[in-house]
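> Pasting a structure here, questions to come.
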DNA sequence: GATGAATGAGTTTTCATTCAT
DNA sequence: AATGAATGAAAACTCATTCAT
């Protein structure tokens, strides 16, 4: 019984989350009102508040979900990276996967800005950001074990993802991800940096 | 007389722009109301409307200003890049200059998101983004004329600037810009990519 | 079985009443929601409604309880007033007892104001108020049988109780109840009022 | 010019204050919404907020006004108390004046309860309450200079005012203020209290 | 040029109450 | 007896914008 009720709750929370995320990604976090969300989910404002006692809570949960999603994507990549594919091919796939999730990306951005003026949210992003860096590093260590600067490379990859994401969202021409991947992999394999 | 008035107008517009930009960078574009701005500039709301017929216009002007500022920064770097300094040193300076302008960066981000749901703004950003890429490429061609993939490098630099900016704004540990610069320069100088 | 259920019902009603009274005294009748109460009693809102079909009913019951409590306190005093203690000493005890029940007093006040805009509640308060006056008069007739103006004194005592209660609740300095008691008793014993 | 504008503001604030006070006295502070007030004053909700940025501010101002009014009433009594009227007559007038202002009284009560859970308001009431005690004492010293316990009497008067006010508001029978006044004055004049 | 008063549509939030289970 | 999901009406509050002066 307890389980059943919780199930309903969970399903509803998910419906709300899903729809809210969609709306926010389409029009931006602060351009979406709770009325909009309630309307879209076809529940009353009261019900929305039954599940989320404040807009902030809702946004936080969406951010959670969005971050988990990205983490999972990167994790999957790391797992797959055992396979026998060329490193640059694999790297290209990371970029691709993340950028393809355009909608995810957009809300990701919105939420990050939200985080700039919200401490609890910011802390979560920091945690997760560090985790992503680690995951990417793990992946690199697997696909380019002989890479000399995998840690640097991981940082560059993660950082440039944001730039490429932004380019994509703005509708600029698609960055040549295959060449970029090749470039970065070669860099890592090239003779040591003279100190 | 016409000139005189225009002068006052310009000065006042600048005061408004300057203050509004500061507020928006501190708390985000959509968290700042026109009342807040009017109060901070110490003019009445009516006066604010005299200079800016809508909030959108004001934001657009701030975006212009912010973009020009960034363009100028990159341009200065390109100009300076003739001097006799090692390429990685110079590259580090670009990163540094841009990231140091933390406050500029923050509003830059806010505005970019604003642009995602505002066509006129988005178009301006696209134009400017392309210009930045060109400028950076120019610079690279000067400091690493023998670089084989300056175009790719320019894209990676510009893209990763956004990621590093975000890291900085979130208060994460400072990225090791000197190593990153070295890494990227070496990459560009390393033996050709086998096609 | 019917009895058993009634017992549970009574116990539950009392738990609700007790907790609700505490909350309302702490933050005021209209600042407490039924959710707050349900949460504090650790029952569901539905259950709360099972016992009290409306917030009004609940408040009414709390008022009943609160009034009964005060009545009882005064009654106890009247009963005790046979004992061989000086009248002013006894009078001081009344004041003291009532004022000491600070928490009771606070909710008493809140409820009285509630009564101002609720006819059924107001009527109950009026009834009870008259009863208190009578009870106090009874007590006075016992401890100061030679008092000439016991009825007036009763009214003054009851009225000033409210003022002193308010003082106490506001955190003002404690009124010198012993001197006040002495003063009032002496007044009652002093040579007749020339008409 | 500056004056003219402030004048309008003042007049409007007064209109709002006056109407809001009336509504609150009729139905209680927490039963009145800002919509109700706006409607009654025939301005928009926005305008109401232009003058009072929060409900709390409005209530605070009404409380201020209400307290000032009571202070003034007591002060006037003190001033008048030089005249050649019997002390009990004068005392009766105080009671009368205050109780007659039924509406003032009701809101006074509501506000006092509001003060119990609002520190800034409570502080103001405490200040004012002390002032009232002083004023009443001044008056007594004038009309009953030979009174032995004017300070005690002042406290009793102030305290019982609240009780009588409550009685009046609840619609109970009018307290016999003339007899009560006589009683209290005689008490004060009667032979000294044996310690 | 400049002001501040006024607005109304919108936002987030609260809450007593109902009801199927 | 008991629950918690759902509701809708109304609350407090925000804000870009208009306008008479």
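Residue numbers (our numbering), protein chains in the order written: chain L, 174 to 368; chain S, 174 to 368; chain C, 174 to 368; chain F, 174 to 368. In this text, a Cβ means the ideal position worked out from N, Cα and C, and glycines have one as well.
(1) Determine the closest residue to residue 238(C) out of 200(C), 294(C), 331(C), 324(C), with distance taken between C-alpha atoms.
(2) Excluding the 5 residues flanking residue 260(S) on each side, which residues of the same chain have their C-beta closer than 7 Å to its C-beta?
(3) Mind listing the chain C neighbours of residue 334(F)? Cutoff is C-beta to C-beta under 7 Å, in chain order.
(4) With a 10 Å radius around its C-beta and 16 neighbouring C-beta atoms as the bar for buried, classify residue 241(L) as buried or exposed.
(5) For residue 351(C), collect the residues of the same chain with a Cβ closer than 7 Å to its Cβ; drop the 5 residues on either side in sequence, then sort them by chain order.
(6) For residue 219(S), count neighbouring C-beta atoms within 10 Å of its own C-beta (all shown protein chains included) and say buried if the count is 16 or more, exposed if not.
(7) Over the uninterrupted alpha helix (DSSP H) stretch that includes residue 238(L), give me the two end residues.
(8) Could you tell me which chain L residues have their CB closer than 8 Å to the CB of residue 288(S), listed as they occur along the chain?
(9) Going by other Cβ atoms of all chains shown within 10 Å of its Cβ, with 16 needed for buried, is residue 355(C) buried or exposed?
(10) List the endpoints of the continuous alpha helix (DSSP H) containing residue 331(C).
(11) Between which two residues does the alpha helix (DSSP H) carrying residue 210(F) extend?
(12) Less than 8 Å between the CB atoms is what I'm expecting for residue 337(L) and residue 349(L), so what's the real figure, rounded?
(13) Just to confirm my understanding: we take residue 278(S), look at its own chain, exclude 5 residues before and 5 after, and list those with CB closer than 6 Å. What are they?
(14) Just the C-alpha distance for residue 289(S) and residue 233(F), rounded to the nearest angstrom, thanks.
(15) Just to confirm my understanding: we take residue 190(S), look at its own chain, exclude 5 residues before and 5 after, and list those with CB closer than 7 Å. What are they?
(16) Please report the residue range of the alpha helix (DSSP H) in which residue 358(L) lies.
(17) Determine the chain F residues that contact residue 204(C) at a beta-carbon separation under 8 Å, and present them in chain order.
(18) Any contact of the segment 197 to 204 of chain F with the segment 298 to 305 of chain C, i.e. 3+ C-beta pairs under 8 Å?
(19) Please name the residue, chosen from 287(F), 252(F), 250(F), that lies closest to residue 343(C) on a Cα-to-Cα basis.
(20) Alpha carbon to alpha carbon, how far is residue 182(F) from residue 243(F)?
(21) If you follow the alpha helix (DSSP H) that residue 278(S) is part of, which residue opens it and which one closes it?
(22) Which of the residues in the segment 345 to 357 of chain C, read from start to end, lie with their CB under 8 Å from any CB of chain F?
(23) Provide the residue span of the alpha helix (DSSP H) that contains residue 300(C), from first to last.
(24) Suppose the cutoff is 8 Å on Cβ atoms and the five residues either side in sequence are ignored; what does the same chain contact list for residue 210(S) look like?
(25) Please compile the residues from chain C whose C-beta is within a distance smaller than 8 Å of the C-beta of residue 331(F).
(26) Contact criterion: CB-CB distance below 8 Å. Does residue 233(L) meet it with respect to chain S?
(27) For residue 334(F), count neighbouring C-beta atoms within 10 Å of its own C-beta (all shown protein chains included) and say buried if the count is 16 or more, exposed if not.
(28) Give the secondary structure of residue 258(L) by DSSP, where H, G and I count as helix, E and B as strand, and everything else as coil.
(29) Would you say residue 305(C) and residue 326(C) are within 8 Å of each other, going by their C-beta atoms?
(30) Buried or exposed for residue 245(C), going by 16 or more other Cβ atoms inside 10 Å?
(31) To the nearest angstrom, report how far apart residue 250(L) and residue 313(L) are at their CA atoms.
(32) Helix, strand or coil: which one does DSSP assign to residue 223(L)?
(33) So which residues of chain L does residue 282(S) contact, with C-beta pairs closer than 7 Å?
(34) When you compare only the Cα positions, how much space is there between residue 280(S) and residue 214(S)?
(35) Once the 5 residues before and after residue 322(C) are set aside, which same chain residues still bring their CB inside 7 Å of it?
(36) Can you name the residues of chain F whose CB is closer than 9 Å to the CB of residue 360(C)?
Taking the structure as given:
(1) Taking the first residue of the third chain as position 1, residue 238(C) is located at position 65. Residue 238(C) has its Cα closest to that of 294(C), out of 200(C), 294(C), 331(C), 324(C).
(2) Residue mapping note: residue 260(S) aligns to position 87 of the second chain, counting from 1. Answer for residue 260(S): 316, 317, 358, listed in chain order.
(3) For the purposes of this step, residue 334(F) is identified with residue 161 of the fourth chain, where counting begins at 1. Simply 336.
(4) Working through the first chain from its first residue, we reach residue 241(L) at position 68. With fewer than 16 Cβ atoms within 10 Å of its Cβ, residue 241(L) is classed as exposed.
(5) Residue 351(C) sits at position 178 when you count from the first residue of the third chain. Once the five neighbours on either side are set aside, the close Cβ partners of residue 351(C) are 265.
(6) On the second chain, residue 219(S) is found 46 positions in, with the first residue counted as 1. Per the 10 Å Cβ criterion, exposed.
(7) Start at 1 with the first residue of the first chain, and residue 238(L) comes out as number 65. Where residue 238(L) is concerned, the enclosing alpha helix (DSSP H) stretches over 228 to 253.
(8) As a working note, residue 288(S) is residue 115 in the second chain. In chain order, 343 make up the part of chain L whose C-beta sits under 8 Å from the C-beta of residue 288(S).
(9) One-based indexing of the third chain puts residue 355(C) at position 182. Flag for residue 355(C) reads buried.
(10) Counting from one through the third chain, the residue named residue 331(C) turns up at place 158. According to the DSSP assignment, residue 331(C) belongs to the alpha helix (DSSP H) that extends over 323 to 343.
(11) In the fourth chain, counting from the first residue as 1, residue 210(F) sits at position 37. Bounds of the alpha helix (DSSP H) holding residue 210(F) are 207 to 214.
(12) Taking the first chain and counting its residues from 1, one reaches residue 337(L) at position 164. Taking the first chain and counting its residues from 1, one reaches residue 349(L) at position 176. Rounded, the Cβ-Cβ distance is 10 Å, inconsistent with contact.
(13) On the second chain, position 105 is the one that residue 278(S) refers to. Here the set comprises 338.
(14) Reading the second chain from its first residue, position 116 is the one you call residue 289(S). Reading the fourth chain from its first residue, position 60 is the one you call residue 233(F). Each residue's alpha carbon lies about 45 Å from the other.
(15) For the purposes of this step, residue 190(S) is taken as residue 17 along the second chain, with counting starting at 1. Hits under 7 Å: 234, 235, 238.
(16) Indexing the first chain from 1 puts residue 358(L) at position 185. Looking at the DSSP string, the run of the alpha helix (DSSP H) that includes residue 358(L) is 350 to 362.
(17) Along the third chain, read from residue 1 onward, the residue named residue 204(C) stands at position 31. The contacting residues are 203, 290.
(18) no
(19) The residue you call residue 343(C) lines up with position 170 of the third chain. Out of 287(F), 252(F), 250(F), 287(F) has the C-alpha closest to the C-alpha of residue 343(C).
(20) Stepping through the fourth chain from its first residue, residue 182(F) is reached at position 9. Stepping through the fourth chain from its first residue, residue 243(F) is reached at position 70. Residue 182(F) and residue 243(F): Cα-Cα distance of roughly 25 Å.
(21) Start at 1 with the first residue of the second chain, and residue 278(S) comes out as number 105. Looking at the DSSP string, the run of the alpha helix (DSSP H) that includes residue 278(S) is 275 to 289.
(22) 345, 348, 349, 352, 353, 355, 356, 357
(23) The residue labelled residue 300(C) in the question sits at position 127 within the third chain. According to the DSSP assignment, residue 300(C) belongs to the alpha helix (DSSP H) that extends over 292 to 316.
(24) Here residue 210(S) is taken as the residue at index 37 of the second chain, counted from 1. Excluding residues within five positions, the ones whose Cβ falls inside 8 Å are 189, 192, 193, 196, 221, 231.
(25) Here residue 331(F) corresponds to residue number 158 of the fourth chain, with the count starting at 1. Near residue 331(F) (Cβ distances below 8 Å), the residues of chain C are 336.
(26) Indexing the first chain from 1 puts residue 233(L) at position 60. Answer no: the Cβ-Cβ gap between residue 233(L) and chain S never drops below 8 Å.
(27) Along the fourth chain, read from residue 1 onward, the residue named residue 334(F) stands at position 161. Per the 10 Å Cβ criterion, buried.
(28) Taking the first residue of the first chain as 1, we reach residue 258(L) at position 85. Of the three classes helix, strand and coil, the one that applies to residue 258(L) here is coil, per DSSP.
(29) Here residue 305(C) is taken as the residue at index 132 of the third chain, counted from 1. Here residue 326(C) is taken as the residue at index 153 of the third chain, counted from 1. Not closer than 8 Å, so no.
(30) If you number the third chain from 1, residue 245(C) lands on position 72. It is exposed - the Cβ of residue 245(C) has fewer than 16 other Cβ atoms within 10 Å.
(31) Here residue 250(L) is taken as the residue at index 77 of the first chain, counted from 1. Here residue 313(L) is taken as the residue at index 140 of the first chain, counted from 1. Distance between the alpha carbons of residue 250(L) and residue 313(L) is about 10 Å.
(32) Working through the first chain from its first residue, we reach residue 223(L) at position 50. If DSSP states are grouped into helix, strand and coil, residue 223(L) belongs with the helices.
(33) Along the second chain, read from residue 1 onward, the residue named residue 282(S) stands at position 109. Contact annotation for residue 282(S) against chain L: 286 [CB-CB distance below 7 Å, chain order].
(34) Position 107 of the second chain, counting from 1, holds the residue named residue 280(S). Position 41 of the second chain, counting from 1, holds the residue named residue 214(S). Each residue's Cα considered, the two are about 18 Å apart.
(35) By 1-based counting over the third chain, the position of residue 322(C) is 149. Contacts found: 361.
(36) Indexing the third chain from 1 puts residue 360(C) at position 187. Near residue 360(C) (Cβ distances below 9 Å), the residues of chain F are 356, 357, 359, 360, 361, 363.
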